[in-house]
Structures are given as C-alpha cells and as structure tokens.
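Here's the structure, in structure tokens; my notes come after.
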Amino acid sequence: MKYDDEHEHDHPQYSELPEMEARVRALETLLTEKGLVDPAVLDAVVERYEKEVGPHNGAQVVARAWTDDEYRRWLLEDADAAIGSLGHVGRQGEHMVALENTAARHNMVVCTLCSCYPWPVLGLPPVWYKSPSYRSKVVIDPRGVLADFGVSLPQSTEIKVWDSTAEMRYLVIPMRPEGTDDMSEEQLAELVTRDSMIGTGLVKVPTDAVR
Amino acid sequence: MNGVHDVGGMQGFGPVLPEVDEPPFHEEWERRSFSITIALGALRLWNIDQMRHERESLPPAEYLSSSYYRIWFLALENAIRKLGPLDREGLRAHTAEKILGMLSSRSSYGRPIDSQPVFQPGQRVRARNINPNGHTRLPRYARGHVGTVVAVRGAHVYPDRNAAPLGQEPDRAPEWLYTVDFSARELWGEDADPTVTTSIDAWEPYLEAV
C-alpha cells in the first residue's frame, strides 16, 4: 500500500521539510567546528544502517531456526548467544528474546513509549512502527492492526503483544510455510519479511520467492 | 511523567499505514539527525534514558505533529542547549572505527545486585499506580492492573533513576526486571478480545504483590 499524493502531502509522519534541512545542517556545522562530530564519521554511521544492518540479518536467524532444530532450541533458550553466533550483535540488541509463532499463538512486538526495536537483526524501524497509530492501537486492538496489514488470523489463535518497555528486544520467529521442505536455508531466508519478524505480517508464500 | 509519548491504548490516530519498500531514511536531514545523535551519545554527554526523557518532554502538540526523526532532532537541540557550551577540555569526536565498534558491540544493561528477586514466574502482581514527574517506563495503560510474572530478566539499570537531569551524574543502581502478562480483559474491560494478552517489561519498583 502506498500513500496517495494528497495524503502524503499533509501527513506528519514524513514529508519534505526544508526548514529541517537548514536547521540540522546548522547544528552539524557548529558541532563540526567544535570538533565534536566528524562529517565523515557521520557518513560511516549512516552507511552502517543503510547498507549493512537490516532485516536480512533477522531472516538468516529465522531460516537457520527453521532448518536446524538444535539452533532453534538454542535461540529460544538463549537468543543473545544464538543470534550472536551469526554475528548480529550491537546497539539496541543487547538483550534479545526470540518469540516463536505457532498455530496456537501469534506474537507481535511494539514499543508504546518510544521506538525500541532490535536494530542488529532488523535494522532501523520503519516509520509506521514509530507512529502513534501503531503504538496506540496494537495493545488495545491487535487484530485491527493485523487487518491494516491485510492479515487475518483465526479467532482460535491467541495473540500475544510484547511491549518493549525496557532494554529487552524481541524477535518474532514466524511459522515456516507449507511446501518448503526442499528449500535451502538461503532460499528460506528470502521468504522472511521484516513485518513477519515484528508480527504484523506473515512470511511470503514460496511461489513469490525465487526458487 | 504522564507524557504525550505514552500512547498505548489511545484511540483515534487512524489506521497503521505501512509503506512499501520503505528506505531507512527519507531525507538527508533524517540521516544527519540520526548520526549526530549517535555520535554525540557516544561521547557520553547523556545516557539513553536521559535522551528518551528529552524526547517525551517535547510540547505535546509538537511531539504528535512531528516525524520521529524530527522528535530526535528537537530533543537533541534541547539537550545541547541544556548542557551549555560543549567545548570542554578533551571532548573530541570519536573516530569512525571507535563508533562503529561501539555500534557492533554488546553493552549489557545488566548490573550486579545484592538482593534476590521478590517475584517469581507464575506469581500474580499489580502494576503500581505511580505518576512520577520524571522519566518512567511504566505505561499508563498497565497501572493499577493485575498481571502474571512470566520471566525474571535479571537486574537492569533502572530508568527512573538513570534519567538524571542532563549534566548530572546518573544513578545506575539496578533493579530486578520482570516480564509481566496482562489479559486484554484486565486492561480494557469485559468487552475486550479474550484471546489477547499484552506484556510489559517492568522493574521491581513498578510492581506490588497481590
């Protein structure tokens, strides 16, 4: 779903703000003159989160859990160690917990108070995750949020919402789709969407993926 | 504080609007707001709870009408203003190597503690009805409600004390941290969906035995 132009225009969630460009540049210039920031270092920080850290890290964790039962048990028992073994360690991922979705229970993750999100496995959070609409609604109407994402779960599936109010960071392990027995770990990782690891979406069905 | 940031359970914000193939940043000023916040934070001018408190202390109308990176930037400006002149002896930008190293290392919020946890998994507890003026991570929607401890997470730095006024030395003494489940019916009343449960992560001072 994409915003229509009219909606995007007056939406406060993101829009072009020339005032902000000038204001941020002014602060950066001042801090650079004082030697407190180095623009090249700022570029390197941005590059880390634009190019290196992202949901492909979490997808690798999920695909490994789907294909390696011993890893799956380790992940559920000690997510810091299991995720760390794949190299996904860092800021905003200090205390990881993996949440396994089943037919009986669907997990969803939020931070109602700010924007807490497991950066090392998912990258930086999308705008909707930080929006008042998601943060307010998912704790009182999680099925309504799922409907906003085009997802409908049977009433027999219990829904568990995890509000990240401390430094615990949660990664949802979505259910492995049917008909994927012959797929490799790399192929399976392609099915794992960011939203499926937050709990607002499901994984892709295999026909969508490159096989 | 009972701030505008504490939106859990509010209604009327409209549907959640996911964007297809959303990039990490939409504008150059967002990249810079993010990276300047990270770079200055790495100089330990503030801790995470102090900066969260700056963000949640923005004027409510400004908070709700701002994109999240604008919230970050406005709080950053305010923090710098409060800290005063930053040209202090020995305060210099970190190298890229140092900052990238910090970003990819694990710095636990766990701290040694002398006490034993008061609550155990399976125990019923009530979230206290507290309304502190300062920073807290106990959301309003849980206060006064009874839930069940499902995990003891260790002793972690306690945000209510860690968020000292900017420029002051924070008190990093930890408290036991728990994950507590609340049924939707307990939180939202008898018409709520009986299949829904919400958990919060709550430090021991947020909880009382029932």
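Quick mapping for you: the protein sequence lines, in order, are chains X and U.
Position 101 of the first sequence, counted from 1, bears residue number 1450 in my numbering, the numbering being contiguous throughout.
Position 6 of the second sequence, counted from 1, bears residue number 9 in my numbering, the numbering being contiguous throughout.
Cβ coordinates follow ideal geometry from the N, Cα and C atoms, glycine included.
The structure presented is a predicted model; accordingly, all values stated were derived computationally and were not measured.
- Taking C-beta separations shorter than 8 Å and ignoring five residues to either side along the sequence, the partners of residue 74 of chain U in its chain run 58, 61 and 66, following chain order.
- Going by beta carbons, residue 42 of chain U and residue 1386 of chain X fall inside the 8 Å limit.
- Rounded to the nearest whole angstrom, the C-alpha separation of residue 1405 of chain X and residue 1383 of chain X is 38 Å.
- Taking the C-beta atoms as reference points, residue 1529 of chain X is found no nearer than 8 Å to residue 1520 of chain X.
- Closest in alpha carbon position to residue 83 of chain U, among X:1377, X:1420, X:1486 and X:1550, is X:1377.
- Judged by beta-carbon spacing, residue 142 of chain U lies beyond the 8 Å limit of residue 1556 of chain X, meaning their Cβ atoms are not closer than that value.
- As a beta-bridge residue in DSSP terms, residue 202 of chain U pairs with X:1511 and U:184.
- Our two residues, residue 80 of chain U and residue 1474 of chain X, have alpha carbons roughly 22 Å apart in a direct line.
- In this structure the segment 1415 to 1429 of chain X does not lie against the segment 85 to 103 of chain U, because fewer than three pairs of beta carbons, one per stretch, are closer than 8 Å.
- With contacts defined by Cβ atoms closer than 8 Å, residue 119 of chain U and residue 152 of chain U do not form a contacting pair.
- When Cβ-Cβ separations below 8 Å define contact, residue 1415 of chain X makes no contact with chain U.
- When the five nearest sequence neighbours on each side are left out, the beta carbons in the same chain lying within less than 7 Å of the beta carbon of residue 49 of chain U are those of 82 and 169, in order along the chain.
- Of the other Cβ atoms in all chains shown, fewer than 16 fall within 10 Å of the Cβ of residue 5 of chain U; this residue is therefore exposed.
- Residue state for residue 4 of chain U is assigned as coil, using DSSP reduced to three classes.
- Interface criterion not met: the Cβ of residue 1420 of chain X is under 8 Å from no Cβ in chain U.
- With at least 16 other beta carbons inside 10 angstroms of its own, residue 1548 of chain X counts as buried.
- Between the segment 1385 to 1401 of chain X and the segment 1442 to 1451 of chain X, the count of Cβ pairs shorter than 8 Å is below three; the stretches do not touch.
- Straight-line measurement puts the Cα of residue 172 of chain U at about 35 Å from the Cα of residue 1510 of chain X.
- Cα atoms of residue 1456 of chain X and residue 213 of chain U: separation of roughly 27 Å, rounded to the nearest angstrom.
- Secondary structure note for residue 51 of chain U: its alpha helix (DSSP H) is the uninterrupted segment 51 to 59.
- Counting C-beta pairs with one atom in each stretch, the segment 131 to 148 of chain U and the segment 190 to 205 of chain U have three or more that are closer than 8 Å, which means they touch.
- In the three-state scheme derived from DSSP, where H, G and I count as helix and E and B as strand, residue 1455 of chain X is classed as strand.
- Against residue 1466 of chain X, chain U offers no close residue; the least beta-carbon distance is about 11 Å (beta-carbon pairs closer than 8 Å).
- For residue 1393 of chain X, the chain U residues whose C-beta falls within less than 8 Å of its own C-beta are 99, 102 and 103, listed in chain order.
- Ranked by Cα distance from residue 1438 of chain X, the first of X:1507, X:1470 and X:1494 is X:1470.
- For residue 110 of chain U, the closest C-alpha among the options X:1435, X:1517 and X:1422 is that of X:1517.
- According to DSSP, residue 159 of chain U shares a beta bridge with U:113 and U:178.
- Relative to residue 21 of chain U, the option among X:1389, X:1501, X:1476 and X:1531 whose CA is nearest is X:1476.
- Between residue 1540 of chain X and residue 1500 of chain X, the gap from beta carbon to beta carbon reaches 8 Å or more.
- Classified as exposed, residue 63 of chain U has fewer than 16 neighbouring CB atoms from the shown chains inside 10 Å of its CB.
- Rounded to the nearest whole angstrom, the C-alpha separation of residue 180 of chain U and residue 1514 of chain X is 11 Å.
- Taking a Cβ-Cβ threshold of 8 Å, the residues of chain X close to residue 32 of chain U are 1366, 1369, 1370, 1372, 1373 and 1374, in chain order.
- When DSSP assignments are scanned along the segment 1497 to 1543 of chain X, the uninterrupted stretches of beta strand (DSSP E) that are 3 or more residues long and fall wholly within it turn out to be 1507 to 1512 and 1517 to 1522.
- For the options U:29, U:210 and U:135, the alpha carbon positioned closest to that of residue 149 of chain U is the one of U:210.
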